[in-house]
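Enquirer:
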Amino acid sequence: MTTPFPPSGVAASDVLGHIDRMQDEDIDWRDGRAFAYVYHGGEALESLLQRAYLAGFSTNGLSPSAFPSLARMEREVIEMVGDLLGCPSPAGSITSGGSESILLAVKTARDRLLERHPEVGRPRIVLPTSAHPAFSKAAHLLGMTTTRVPVDPAGLGADPEQMLAAVSDDTALVVASAPSYPHGVVDPVAELAGHALAREVPLHVDACVGGMLLPFARDLGRTIPDFDFAVPGVSSMSVDLHKFGYAAKGASLVLYRDPAYFAHQPFVFDDWSGGRYAAPNVAGTRPGGAIAAAWAALTHLGREGYLGLVSRALTASDAILAGIERTPGLHVLGSPHASLLAFGSDVHSLPAIAKDMRRRGWAMGLQGPPESIHLTVTAGHDRVAEALLADLRSACSADDATPSEQSPGYS
Ligand SMILES: *Cc1c(COP(=O)(O)O)cnc(C)c1O
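Quick note on our numbering: the sequence shown kicks off at 1 and runs consecutively.
1. Would you list the residues sitting across from I125 in a DSSP beta bridge?
2. Would you report the Cα separation of V186 and A44, rounded to the nearest angstrom?
3. Could you tell me the distance, in whole angstroms, from the CA atom of S407 to the CA atom of E371?
4. Between the Cα of D28 and those of K137, V10, R359, spot the shortest distance and give me the residue it belongs to.
5. With 16 as the cutoff for other CB atoms within 10 Å, does F5 come out buried or exposed?
6. Is there at least one non-hydrogen atom of ligand 1 closer than 6 Å to the beta-carbon of H140?
7. Output yes or no for whether 7 Å exceeds the beta carbon distance between L192 and G92.
8. Could you tell me whether the Cβ atoms of P215 and P188 are closer together than 7 Å?
9. What number of angstroms, rounded off, separates the C-alpha of S411 from the C-alpha of V347?
10. Pairs of beta-carbons, one from the stretch 125 to 144 and one from the stretch 76 to 89, closer than 8 Å: are there three or more?
11. On the CB-based measure, 16 or more other CB atoms within 10 Å of its CB, does P7 come out buried or exposed?
12. Which whole-angstrom value describes the C-beta separation of G323 and L389, a residue pair presumed to lie in contact below a C-beta threshold of 8 Å?
13. If we count the other Cβ atoms within 10 Å of its Cβ and call it buried at 16 or more, is V15 buried or exposed?
14. With a Cβ-Cβ cutoff of 7 Å, do A138 and I102 count as a contact?
15. With DSSP run on the structure shown, which of helix, strand or coil describes I224?
16. What I want to know is whether the C-beta of H132 ends up closer than 6 Å to one or more non-hydrogen atoms of ligand 1.
17. Looking at the unbroken alpha helix (DSSP H) that takes in I320, where does it start and where does it end?
18. When the Cα atoms are used, what is the spatial distance from G221 to L366?
19. Output needed for G409: all residues of its chain with C-beta closer than 6 Å, excluding positions within five of it in sequence on either side, in chain order.
20. By DSSP's criteria, N60 is part of a beta bridge. Which residues make up the other side?
21. Alpha carbon to alpha carbon, how far is Y39 from S47? Give it in angstroms, no decimals.
22. Please confirm whether any heavy atom of ligand 1 lies closer than 6 Å to the CB of G97.
23. Throw me the rounded Cβ distance for the L113 and V120 pair, which I believe falls under 8 Å.
24. Find the nearest neighbour of S63 within the set G284, L321, R393, judged by alpha-carbon distance.
25. Using the DSSP secondary-structure output, state which residues sit across from M237 in a beta bridge.
26. For G18, count neighbouring C-beta atoms within 10 Å of its own C-beta (all shown protein chains included) and say buried if the count is 16 or more, exposed if not.
27. Go ahead and pull the three-state DSSP assignment for H117.
28. So L340 and G184 are in contact, right, with Cβ under 8 Å, and what is the actual spacing, rounded?
29. For the stretch 338 to 397, list the beta strand (DSSP E) runs that are entirely contained and at least 3 residues long, ordered along the chain.
30. Heavy atom of ligand 1 less than 6 Å from the Cβ of Y39, yes or no?
31. Does the Cβ of A278 have 16 or more other Cβ atoms within 10 Å, making it buried, or fewer, making it exposed?
32. Examine ligand 1 and report whether any of its heavy atoms sits within less than 6 Å of the Cβ of V209.
33. Compare the beta carbon distance of L213 and V174 with 7 Å and say whether it is the shorter of the two.
34. Would A395 be called buried (16 or more neighbouring beta carbons within 10 Å of its own) or exposed?
35. According to DSSP, Y277 sits in a beta bridge with which residue or residues?
36. To the nearest angstrom, report how far apart S13 and M22 are at their CA atoms.
This is how it looks when you write it as structure tokens:
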């Protein structure tokens, strides 16, 4: 039977008890068991985020005049992250997440091209095969086309020459990732930006997962290729605060170097009985709690706090990477630049291993091609790296003991 509309209410304590029990089945992210989806910065930070979120709980970012507190926090977050990413006077918005940041960056690029070249029917996005599906979703929603260009098969980064060859007069936007989600590899942003500048096409750097990770990894001595606004030709960036910004869910940034370019983002409607309606984002009503919690995370942690969190994530991912390389039959794909990585196998069944690991309480994503298992390693994983590797070795041995289903004709 489907769920009937409740005839009468349920006591608050029972409601909370129900939610608690439903969550029993969820992955134990607090204990470092999720290698995607959750970025846990510890209990003290979580408690601060909850209090900040509650402080903004009923406020609405749609109205800067009713809620100047949110307008100010949003502006300060944009300026702080702009400073971190080499953009002294950034324009942009806090959005609900990476997909919305990307949708807006794509919309902005589309409208810039159509203003200059109204004859272009369906503006195009040129992007590497590793770029996030949010760009294809945006193209779908915005009446655009995409050309996905194969990555360099060895390093798994974007191939600038092939990407350049795909750029034509209908290209509204070229995309690079810093890093790509599947393999944690930073695309050659400087080379792509040089080409984009020469063709007068905007370049978007998708730093949804890396924007709050790579700058600190570099400060900690990692070799990180240039990826941000310090590179001339980078027009816009997306940076998720609810990933390595360790903020509450529902917070990302879209940033622009040039306010005149950003001017293509807002939607303004002047022919409504409700009066003039202006919204910079996809959302109308915007949860003030998410904005307040993002502001709280950046302000509370500061550079020192993020260096500590990133250092823990890198220590954990180094240990996991080394452990995978030592496990017979497994290999790491490409050369990950920070704490996201993927491993493949020539001997084991990766679907069987992912399933076995889920049974052991670990959530890690099966992906491909090339077929591999993805891990986003965060600060909370430093305590579980050895336990993860032990279970991974057991899962590989269990797979060895299971006869593989070979189709007839294979020798
Ligand atoms: C997570 C991610 C996105 C999408 O962000 P959501 O917040 O899930 O919408 C886009 N690009 C990259 C590289 C990501 O890691």
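The beta-carbon is built from N, C-alpha and C at its ideal position, and this holds for glycine as well.
Only a predicted model underlies this, so the values are computations on that prediction, with no experimental measurement involved.
Expert: If we stick to the structure as given:
1. The residue given as residue 125 occupies position 125 in the sequence shown. For I125, which the question treats as bridged, DSSP gives the partners T146, L173.
2. Taking the first residue of the sequence shown as position 1, residue 186 is located at position 186. Taking the first residue of the sequence shown as position 1, residue 44 is located at position 44. Roughly 32 Å separates the two Cα atoms.
3. For the purposes of this step, residue 407 is identified with residue 407 of the sequence shown, where counting begins at 1. For the purposes of this step, residue 371 is identified with residue 371 of the sequence shown, where counting begins at 1. Here S407 scores only 45 on pLDDT, less than 50, and its place in the model should not be relied on; the value that follows carries that caveat. So the two alpha carbons sit approximately 19 Å from each other.
4. To locate residue 28, count along the sequence shown from 1; it is residue 28. Of the candidates K137, V10, R359, the one whose C-alpha sits nearest the C-alpha of D28 is R359.
5. Here residue 5 refers to the residue found at position 5 when the sequence shown is read from its first residue. It counts as exposed.
6. Within the sequence shown, residue 140 is the residue found at index 140, counting from 1. No; taking the cut-off as 6 Å, the Cβ of H140 has no heavy atom of ligand 1 nearer than that.
7. Residue numbering aside, residue 192 sits at position 192 when the sequence shown is read from its first letter. Residue numbering aside, residue 92 sits at position 92 when the sequence shown is read from its first letter. No, Cβ-Cβ distance for L192 and G92 is not below 7 Å.
8. Working through the sequence shown from its first residue, we reach residue 215 at position 215. Working through the sequence shown from its first residue, we reach residue 188 at position 188. No, they are not a contact pair.
9. If you number the sequence shown from 1, residue 411 lands on position 411. If you number the sequence shown from 1, residue 347 lands on position 347. Low local confidence applies: a pLDDT of 38 at S411 is under 50, so the model's placement there is unreliable, with the coordinate-based value given in what follows. In a straight line, the C-alpha of S411 is about 15 Å away from that of V347.
10. no
11. As a position in the sequence shown, residue 7 is number 7, starting the count at 1. P7 should be labelled exposed.
12. The count along the sequence shown starts at 1 and reaches residue 323 at position 323. The count along the sequence shown starts at 1 and reaches residue 389 at position 389. Contact holds; Cβ gap of about 4 Å.
13. As a position in the sequence shown, residue 15 is number 15, starting the count at 1. Per the 10 Å Cβ criterion, exposed.
14. Start at 1 with the first residue of the sequence shown, and residue 138 comes out as number 138. Start at 1 with the first residue of the sequence shown, and residue 102 comes out as number 102. In this structure, I102 lies closer than 7 Å to A138 by Cβ.
15. Position 224 of the sequence shown, counted from the start, is the residue given in the question as residue 224. Three-state result, I224: coil.
16. Counted from its first residue, the sequence shown places residue 132 at position 132. Yes, Cβ of H132 sits closer than 6 Å to a heavy atom of ligand 1.
17. Residue 320 sits at position 320 when you count from the first residue of the sequence shown. Counting along the chain, the alpha helix (DSSP H) containing I320 begins and ends at 288 to 326.
18. Along the sequence shown, read from residue 1 onward, the residue named residue 221 stands at position 221. Along the sequence shown, read from residue 1 onward, the residue named residue 366 stands at position 366. Cα to Cα, the separation comes out at about 31 Å.
19. As a first step, residue 409 is located in the sequence shown; it is residue number 409 there, counting from the start. Legend: pLDDT at G409 = 45, less than 50; position of this residue unreliable, value from coordinates given subsequently. Closer than 6 Å at the Cβ level, and outside the excluded window around G409, lies no residue.
20. Taking the first residue of the sequence shown as position 1, residue 60 is located at position 60. Answer by DSSP bridge pairing, in chain order: P287.
21. In the sequence shown, the residue the question calls residue 47 occupies position 47. In the sequence shown, the residue the question calls residue 39 occupies position 39. Their backbone Cα atoms lie some 14 Å apart in a straight line.
22. As a position in the sequence shown, residue 97 is number 97, starting the count at 1. Yes, Cβ of G97 sits closer than 6 Å to a heavy atom of ligand 1.
23. Reading the sequence shown from its first residue, position 113 is the one you call residue 113. Reading the sequence shown from its first residue, position 120 is the one you call residue 120. Going by Cβ atoms, the distance from L113 to V120 rounds to 6 Å, so yes, they are a contact pair.
24. As a first step, residue 63 must be located in the sequence shown, where it is residue number 63. Measuring from the Cα of S63, the nearest candidate turns out to be G284.
25. Within the sequence shown, numbered from 1, the residue matching residue 237 stands at position 237. Answer is V205, L255.
26. Counted from its first residue, the sequence shown places residue 18 at position 18. Gly is not the amino acid found at residue 18; the sequence shown has His there. With fewer than 16 other Cβ atoms within 10 Å, it is exposed.
27. Start at 1 with the first residue of the sequence shown, and residue 117 comes out as number 117. H117: coil per DSSP, three-state reduction.
28. Sequence index remark: in the sequence shown, residue 340 carries index 340 (1-based). Sequence index remark: in the sequence shown, residue 184 carries index 184 (1-based). Confirmed, Cβ separation roughly 3 Å.
29. 340 to 345, 365 to 367, 372 to 376
30. Taking the first residue of the sequence shown as position 1, residue 39 is located at position 39. No.
31. Taking the sequence shown and counting its residues from 1, one reaches residue 278 at position 278. Exposed, because fewer than 16 other Cβ atoms sit within 10 Å of the Cβ of A278.
32. Numbered from 1 along the sequence shown, position 209 holds the residue referred to as residue 209. Because some heavy atom of ligand 1 lies under 6 Å away, the Cβ of V209 counts as near it: yes.
33. Residue mapping note: residue 213 aligns to position 213 of the sequence shown, counting from 1. Residue mapping note: residue 174 aligns to position 174 of the sequence shown, counting from 1. No. Outside cutoff.
34. Locating residue 395 in the sequence shown gives position 395, where the first residue counts as 1. Answer is buried; the Cβ neighbour count reaches 16.
35. The residue labelled residue 277 in the question sits at position 277 within the sequence shown. Partner(s): F269.
36. As a first step, residue 13 must be located in the sequence shown, where it is residue number 13. As a first step, residue 22 must be located in the sequence shown, where it is residue number 22. For S13 and M22, the distance between alpha carbons rounds to 14 Å.
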